[in-house]
Amino acid sequence: MLQYDFNESYTDIFELNFAPCLSYLQKITSFSEELAEFHRHQNVGEILFVEHGINHCTIDNNSYRLKKGDLVLINSDVLHNTLEDDNNTVAYIIGIKNLQIKNMEKNKLVDAEQMPVISTLKTFPKIAYCFSLFEELTLLNAKRNINTSSSNNYILCALLAIIYNINQKEKASHQKDDYNLGVYIKEYIDEHYLDEINLKSMAQNLHISEYYLSHTFKKYIGYSPMQYVIQQRIKEAQNLLLSTDLTITEIAFHCGYNNSNYFQSVFNNIVGMPPGKYRKSWKGI
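Numbering-wise, this note's numbering comes out as the position in the sequence shown, counting from 1, plus 14.
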């Protein structure tokens, strides 16, 4: 026998005095002209769950191809639509009111920087079961006039807890992936900062978008990739000014600058004095 004891001092995922309520349930088995049109819901968050088949949805001008087991988290007041590509599609949509997850805005299911589509993977049976209960209780309500709203809301809280757990794991995984990518980008720049390099060439060589490269690196190191390139170049220039007799123009070319005047301007902005003065001040010691 297995026994689980529950700690009464557990931390709730919802803000105090906020209990999410199921606003509506929709079951999709064929093309819906209403859902295909772009629309938004004021003060209502939505969850779309694909139980079977293939769907497409567009959220904030970003298109996603959905497959079995995908969950789509749609914040309130966000423009979106849904298209069914498969005659065998079975999908559910629920609307949620009075939602306030801790550390998130009201009626928001997903942070702005997160993907709104998540795969349920191992949790698919649990989530599918929640939606089947929603459907069963809704039918019971319609056929026998039994108020099942409280039961639906309890199931909704359980579903949101499962999704919250998936989201937390996704965040941790993305943070680790972003950290590893940040290290990789830094290693690439450390190897190539003296070359003719820019954000576009880095993104192409690393096979990622310019935005993702810049965003990830800045989160890892604290400033943009090109700012880091400039810092590394100026460090190299400082070393050459003190350890060699190369001219300032030669050092500029060595450090990736084709224009000596521009190099001196950048050097002065970072170090606080022109290269010639820097060399004299240190070599005079």
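Don't be surprised by glycine CBs; every beta carbon is placed ideally from N, CA and C. Quantities reported herein were computed from a predicted structural model and do not represent experimental measurements.
Which one of 225, 145, 266 has the shortest CA to CA distance from residue 214? Here the question's residue 214 lines up with position 200 in the sequence shown. Checked all of 225, 145, 266; the closest Cα to residue 214 is 225.
Contact under 8 angstroms by Cβ, residue 110 with residue 42: Here residue 110 refers to the residue found at position 96 of the sequence shown. Here residue 42 refers to the residue found at position 28 of the sequence shown. Not in contact: residue 110 and residue 42 (Cβ atoms no closer than 8 angstroms).
With distances taken from CA atoms, which of 282, 64, 179 is nearest residue 103? The count along the sequence shown starts at 1 and reaches residue 103 at position 89. Answer by Cα proximity: 64.
Is the Cβ-Cβ distance between residue 54 and residue 92 less than 8 angstroms? Counting from 1 along the sequence shown, the entry for residue 54 is found at position 40. Counting from 1 along the sequence shown, the entry for residue 92 is found at position 78. In this structure, residue 92 lies closer than 8 angstroms to residue 54 by Cβ.
I want to know whether the region 245-260 touches the region 271-284 - three or more CB-CB distances under 8 angstroms. yes
Straight-line Cα distance separating residue 245 from residue 230: Against the sequence shown, residue 230 aligns to sequence position 216. Against the sequence shown, residue 245 aligns to sequence position 231. About 18 angstroms.
For residue 121 and residue 113, what's the separation of their Cα atoms in angstroms? For this step, residue 121 is matched to residue 107 along the sequence shown. For this step, residue 113 is matched to residue 99 along the sequence shown. Distance between the alpha carbons of residue 121 and residue 113 is about 5 angstroms.
In whole angstroms, what separates the C-alpha of residue 145 from that of residue 166? If you number the sequence shown from 1, residue 145 lands on position 131. If you number the sequence shown from 1, residue 166 lands on position 152. Whole-angstrom Cα-Cα distance: 10 angstroms.
At the level of alpha carbons, what is the spacing between residue 170 and residue 34? Your numbering for residue 170 matches position 156 in the sequence shown. Your numbering for residue 34 matches position 20 in the sequence shown. The alpha-carbon atoms of residue 170 and residue 34 are separated by roughly 7 angstroms.
Here's the rule: buried if 16 or more other CB atoms are within 10 angstroms of the residue's CB, otherwise exposed. What is residue 139? Taking the sequence shown and counting its residues from 1, one reaches residue 139 at position 125. Residue 139 comes out exposed.
How would you label residue 79, buried or exposed, when you count the other beta carbons within 10 angstroms and need 16 or more for buried? Reading the sequence shown from its first residue, position 65 is the one you call residue 79. So residue 79 ends up on the exposed side.
Since residue 62 and residue 105 are thought to touch, with beta carbons under 8 angstroms apart, how far apart are those beta carbons, to the nearest angstrom? Counting from one through the sequence shown, the residue named residue 62 turns up at place 48. Counting from one through the sequence shown, the residue named residue 105 turns up at place 91. Right, the Cβ-Cβ distance comes to about 6 angstroms (below 8 angstroms), so this counts as a contact.
Am I right that residue 97 and residue 66 are in contact with their C-beta atoms under 8 angstroms? What's the rounded C-beta distance? As a working mapping, residue 97 is identified with position 83 in the sequence shown. As a working mapping, residue 66 is identified with position 52 in the sequence shown. Contact doesn't hold; Cβ gap of about 16 angstroms is too wide.
Closest residue to residue 131 among 147, 222, 88 (Cα-Cα distance): What you label residue 131 is simply residue 117 of the sequence shown in a count that begins at 1. Measuring from the Cα of residue 131, the nearest candidate turns out to be 88.
Could you give the distance in angstroms between the alpha-carbon of residue 76 and the alpha-carbon of residue 95? Reading the sequence shown from its first residue, position 62 is the one you call residue 76. Reading the sequence shown from its first residue, position 81 is the one you call residue 95. For residue 76 and residue 95, the distance between alpha carbons rounds to 11 angstroms.
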